[in-house]
Amino acid sequence: MAVLRIPVNPEIIVWAISNGEKNESELLKKYALSNWKNPQTDRDYPTFKQIQNFSRDTRIPFNYFFKTELPREKNEFVKFRTVNNQGVQPSRRLIDTIYDMEMRQAWMKDYLLDQNESTNFQFEHVFNDKMDPAAVSRDVIRILDLSDTLGIAMSDDDFFNILRTKISALGILVMQNGVVGTNTQRPLDVDEFRALVLMDPVVPLIFINSRDSKKAKIFSLIHELIHAFLGNNEVLNVSPDLDLVNERWINQVTINVLMPADKVNKLQSDKYSPEDKLTHLSKKFHTSLVAAPIRTQSLRLFGNKLVDWAKQRQAEELRLKSEQKAPGGDFYNTAISRIDRYYANAVINAESSGDMAIAKAASMLGVTLKTYHKTVDKILEMA
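Position one of the sequence shown corresponds to residue 1 (the UniProt record's numbering), numbered consecutively onward.
Below you can see the structure in the form of C-alpha cells.
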C-alpha cells in the first residue's frame, strides 16, 4: 500500500520550527527535518501522519501545512517589544491563549446582541494619560466603589475576588488561567506575560495569568482595567509598540488606587521600624513588598534605601516559595475560577434554552461533558 506523502512548502516547515512550541533539537529526534526543508524526491516529504504529529508537537494549526504561502497570523500581538525594547517572539502558549480569549469574547458579544442586552462599554476613553494620576485614581476608586474596602483586613484572595466582581459588573469579562485551556502540560510563563486586555466596544476582556503571585495578580487586574478605560489593547510584560511613558502613568494610577495617600497616612505609627511598617502596608493594601516602599517614597514617608531592602526581602521570599510544592486544588473550584461569572451564566442560559449544544457549552466553560452538570450546579449555587 502506497504511503501518502504531503508536499508541504519547505518554507512553512522552517516557519513552524521557528514559531512552534518545541525547539529544533527536540524535533530532530523525531522527524527528518533536513529532508522536509530540502526535499529532493517525493520520498523526502512528510507523511500525512507525520504532519499530524508535527502539528501537535509544535502546536502549529494543522491546516497551516497545506498553505502555499507562509501563514500570516492576523493578530496585533504577534509583534512584541519588551520593557527594554528588545524584540521577542510570542510563544504558542500566549498566542493560543489570546485566540481562546478572543473566541470567548466574540461569543459573549454575539450573545448579548441576540438577547438585545448589548450596550457600548461606557467607560472606554473616559481617561487619558495627560490627566493627573492622583485624580484619575480617585475616580477609579469611585467607579469601583472601593473606598470602604481599601485597607480593610482580608486575604489577598478575597480582595482579588472583590475587585474581579466589581470590574465584571462594569461589563468587562475577567478571565484567569495558569495553563493553556485545560492542558496542564502547557503552563503559562509569568516571565512572558502577567495579564492582557482585549478591547471591544461592547465586551472588553481582561485575562490574568494565574501562575503569578496573589499580590501581583491584584496589581495586574487594576493595571489592565486602566488600559481598558484608556481603550488600549495590551499584554502586560510584553506589549506591541510599548509606550514606556504611558506605562509609567498607568502604574502611578494603579498604585494610587491600591494605596490612597489618605489611607496610607492614617496607618503611620512610630511604634514600629520602617521595615515592619512596609511589611504591614504591603499586607494591608495587598501590594508587593517592593511596591509599598515605592509608594511611600512618593509620599515622602521613607527614603530610597528601603526599596533595595524590599527587593532583597521579596526575592528571598519568592525563592523560598518556589521551593515549596503547591497543594493540589479542587477541580470544580479551579474550573470556575478561570471564567468570568457573567460569561458562565450566559453560556448556561444558552444551553438550557436550547440555543447551544451541551457539548459546546461544556467546551465554552472549559470542562468535560462528564463534569458539566456538576460545574453548572456549583456556579448556580454561587449566584
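Built from N, CA and C at the ideal position, the CB exists for glycine as well.
Span separating the alpha-carbon of residue i from that of residue j
i       : j       : result
Leu-365 : Ile-339 : 7 Å
Pro-46  : Arg-92  : 22 Å
Glu-247 : Leu-230 : 12 Å
Ile-60  : Glu-275 : 49 Å
Ile-255 : Val-8   : 52 Å
Leu-196 : Ser-25  : 31 Å
Tyr-342 : Gln-297 : 39 Å
His-280 : Pro-293 : 11 Å
Pro-240 : Arg-43  : The predicted model places Pro-240 with a pLDDT of 43, which falls under 50 and marks its position as unreliable, so this point remains unresolved.
Leu-27  : Asn-345 : 42 Å
Lys-284 : Phe-193 : 26 Å
Asn-183 : Lys-263 : 42 Å
Asn-116 : Tyr-99  : 26 Å
Terminal residues of the beta strand (DSSP E) in which residue i lies
i       : result
Gln-297 : Counting along the chain, Gln-297 falls outside any beta strand (DSSP E), though it belongs to the alpha helix (DSSP H) covering 291 to 298.
Phe-207 : 205 to 209
Thr-184 : 183 to 187
Val-174 : 173 to 177
Leu-380 : Counting along the chain, Leu-380 falls outside any beta strand (DSSP E), though it belongs to the alpha helix (DSSP H) covering 372 to 382.
Buried or exposed by the 16-neighbour rule on C-beta atoms within 10 Å, applied to residue i
i       : result
Leu-369 : exposed
Glu-69  : exposed
Tyr-111 : buried
Arg-142 : exposed
Phe-80  : Reliability of the predicted coordinates at Phe-80 is poor, the pLDDT of 45 falling under 50, and the value obtained from them is presented with this limitation in mind. Counting Cβ neighbours within 10 Å, Phe-80 comes out buried, since at least 16 surround it.
Met-259 : buried
Gln-86  : Because Gln-86 carries a pLDDT of 48, less than 50, the predicted location of this residue cannot be relied on, and the following value inherits that uncertainty. When all chains shown are included, Gln-86 counts as exposed.
Leu-4   : exposed
Start and end residues, alpha helix (DSSP H) containing residue i
i       : result
Ala-344 : 341 to 352
Asn-35  : 33 to 37
Leu-236 : Taken as a continuous stretch (DSSP letters only), Leu-236 belongs to no alpha helix (DSSP H), being part of the beta strand (DSSP E) at 234 to 236.
Lys-283 : 274 to 285
DSSP-derived helix/strand/coil call for residue i
i       : result
Gln-252 : helix
Arg-59  : coil
Glu-124 : coil
Thr-165 : helix
Ala-153 : coil
Thr-97  : helix
Asp-357 : The residue you asked about is not Asp; residue 357 is Ala in the sequence shown. If DSSP states are grouped into helix, strand and coil, Ala-357 belongs with coil.
Arg-81  : Confidence at Arg-81 is low in this model, with a pLDDT of 36, below 50, so the placement of that residue should be treated as unreliable; the coordinate-derived value is given next. Arg-81 falls in the strand class under three-state DSSP.
Leu-365 : helix
Arg-194 : coil
Thr-68  : coil
Notebook entry, point to check: When the Cβ atoms of the stretch 204 to 224 are set against those of the stretch 154 to 166, are three or more pairs found closer than 8 Å?
Noted result: yes
- Task: Count the CB pairs spanning the stretch 261 to 269 and the stretch 304 to 315 that are closer than 8 Å, and state whether there are at least three.
- Result: no
Touch check for the stretch 166 to 180 and the stretch 200 to 209: three-plus C-beta pairs under 8 Å? yes
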